[in-house]
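Chains as they are written, first to last, in my numbering: chain A, 1 to 185; chain B, 1 to 185.
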């Protein structure tokens, strides 16, 4: 099973990126968590450019479609979704890559309530399937925890593993939904 | 008096940009409405780049500070603020260019309620002064009105002029607020 992690921050020391990198290490062997590291290569969204399908946009779309589920971890800037993440989502509106796709929201700062709410609204509009049991807050802000410490923190590992399991279940049940005719009760 | 208009869309045929260009022509002679046309030149926001103060960021900050008030007209993408506009606002968080500055929100699509609400929340966080009487909806979406038709439409002209007057009043009263000790009642 393959999950794609997207951090909504371009900062090198981003706590959200750190949480996703840690998640890739915490994940059980049958779950591969890949990181999307090209958020900063996307052009600013312009509907006039959509017919040209810029290469970074095509690559993001391909990676989303190739993933069984997404894990999005975004900071909050000025009580809103980061512009860079929203820019990426704006490019995905027209291509339906999010339709029906299970999404987990990971939050490294429990204060980021406005951004999380706005992100949910936008993801619902993209027809993504937000998986409530896979949405977690891991309060890294102010913790000083580096990646090695995170992957050895039992509490964090348990939270992350439970979220990943919930996402797996959602992927499996999504498949059943698509093919209910073949689903044995 | 000088107002700076910012459209939240990079589309050449953007209705919000059209509304701002029309506003510049409708404005009385003592009110100059300039358009900010460089939204697409801003880099994607990265806190690590803030100390370098990229040239397009510095130019936007300078123009905001030089303006007596701002007029922001943004489309709604996927039930949120456009990523390109949020990206510009993210760059302005750290430099306080919005603090105390009167802002009018112009809306070319009355359906864009989620984006308007999110934009207000972010602008309040930036300590901008949103002027309620200067926030207007001009339903250009589906009207087919080009710029010439807009500036000759009596209803639209009346709405836009009233908003500009409200913004002028806010600028004047803002000055009084800053210097209450010198204000004669």
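Where is the CB? At the ideal position from N, CA and C, for every residue including glycine.
CA nearest to the CA of residue i, picked from the options
i, options, result
"residue 153 (chain B)", "B:23, B:32 and B:65", "B:23"
"residue 3 (chain A)", "A:25, A:91 and A:14", "A:25"
"residue 75 (chain A)", "A:13, A:160 and A:150", "A:13"
"residue 41 (chain A)", "A:88, A:129 and A:119", "A:88"
"residue 123 (chain A)", "A:145, A:96 and A:112", "A:96"
"residue 69 (chain B)", "B:101, B:94, B:84 and B:60", "B:101"
"residue 39 (chain B)", "B:85, B:29, B:31 and B:30", "B:85"
"residue 11 (chain B)", "B:1, B:37 and B:31", "B:37"
"residue 71 (chain A)", "A:93, A:125, A:55 and A:31", "A:31"
"residue 114 (chain A)", "B:121, B:35 and B:29", "B:121"
Own chain partners of residue i with C-beta closer than 8 Å, once the 5 adjacent residues on each side are dropped
i, result
"residue 73 (chain B)", "5, 6, 7, 8, 16, 17, 19, 20, 105, 106, 107 and 108"
"residue 45 (chain A)", "87, 90 and 91"
"residue 58 (chain B)", "none"
"residue 174 (chain B)", "100, 102 and 129"
"residue 147 (chain B)", "18, 21, 22 and 25"
"residue 56 (chain A)", "38, 41, 42 and 43"
"residue 112 (chain A)", "74, 75 and 76"
Residue i - DSSP class collapsed to helix/strand/coil
i, result
"residue 137 (chain B)", "strand"
"residue 20 (chain A)", "helix"
"residue 87 (chain A)", "helix"
"residue 7 (chain A)", "strand"
"residue 44 (chain A)", "coil"
"residue 147 (chain A)", "helix"
"residue 174 (chain A)", "helix"
"residue 113 (chain B)", "helix"
"residue 59 (chain A)", "helix"
"residue 99 (chain B)", "coil"
"residue 15 (chain B)", "helix"
"residue 155 (chain B)", "helix"
"residue 76 (chain A)", "strand"
"residue 168 (chain B)", "helix"
"residue 34 (chain B)", "strand"
"residue 128 (chain B)", "coil"
"residue 2 (chain B)", "strand"
"residue 69 (chain B)", "strand"
"residue 108 (chain B)", "coil"
"residue 160 (chain A)", "helix"
Neighbourhood of residue i by C-beta, 6 Å cutoff - its chain only, sequence neighbours within 5 removed
i, result
"residue 33 (chain A)", "3, 5, 23, 24 and 27"
"residue 110 (chain A)", "137 and 139"
"residue 150 (chain B)", "22 and 156"
"residue 127 (chain B)", "99"
"residue 170 (chain A)", "102 and 131"
"residue 142 (chain A)", "none"
"residue 160 (chain A)", "23 and 26"
"residue 145 (chain B)", "none"
"residue 60 (chain B)", "none"
"residue 172 (chain A)", "none"
Residues near residue i by beta carbon distance below 7 Å, same chain, minus five either side
i, result
"residue 116 (chain B)", "105 and 107"
"residue 118 (chain B)", "80 and 81"
"residue 94 (chain A)", "50"
"residue 35 (chain A)", "5, 20, 21 and 24"
Check: residue i C-beta below 7 Å from any heavy atom of the ligand ADP
i, result
"residue 94 (chain B)", "Among the components modelled here there is no ligand, and therefore nothing to report on the ligand ADP."
For the segment 81-107 of chain A, enumerate the residues whose C-beta is nearer than 8 Å to any C-beta of chain B, in chain order. 81, 82, 83, 84, 85, 86, 87, 88, 89, 90 and 93
Can you find at least 3 beta carbon pairs, one from the segment 51-67 of chain B and one from the segment 50-68 of chain A, that sit closer than 8 Å? no
Which residues, in order along the segment 131-147 of chain B, keep a beta-carbon less than 9 Å from a beta-carbon of chain A? none
Would the segment 79-99 of chain B and the segment 63-73 of chain A be scored as touching if the rule is three or more Cβ pairs under 8 Å? no
Compile a chain-ordered list of the residues in the segment 3-18 of chain A whose CB is closer than 7 Å to at least one CB of chain B. 10, 11 and 12
Does the segment 150-165 of chain A come close enough to the segment 119-138 of chain A that 3 or more CB-CB pairs lie under 8 Å? yes
When Cβ atoms are compared, which residues of the segment 37-49 of chain B fall closer than 7 Å to chain C? The structure shown contains no chain C; its protein chains are A and B.
In the segment 68-81 of chain B, which residues sit with their C-beta less than 8 Å from some C-beta in chain A, listed in chain order? 77, 78, 79, 80 and 81
Proximal residues, the segment 149-179 of chain A versus chain B, C-beta separation under 9 Å: none
Members of the segment 112-133 of chain A near chain B, C-beta cut-off 7 Å: 114, 118, 121, 122, 125 and 126
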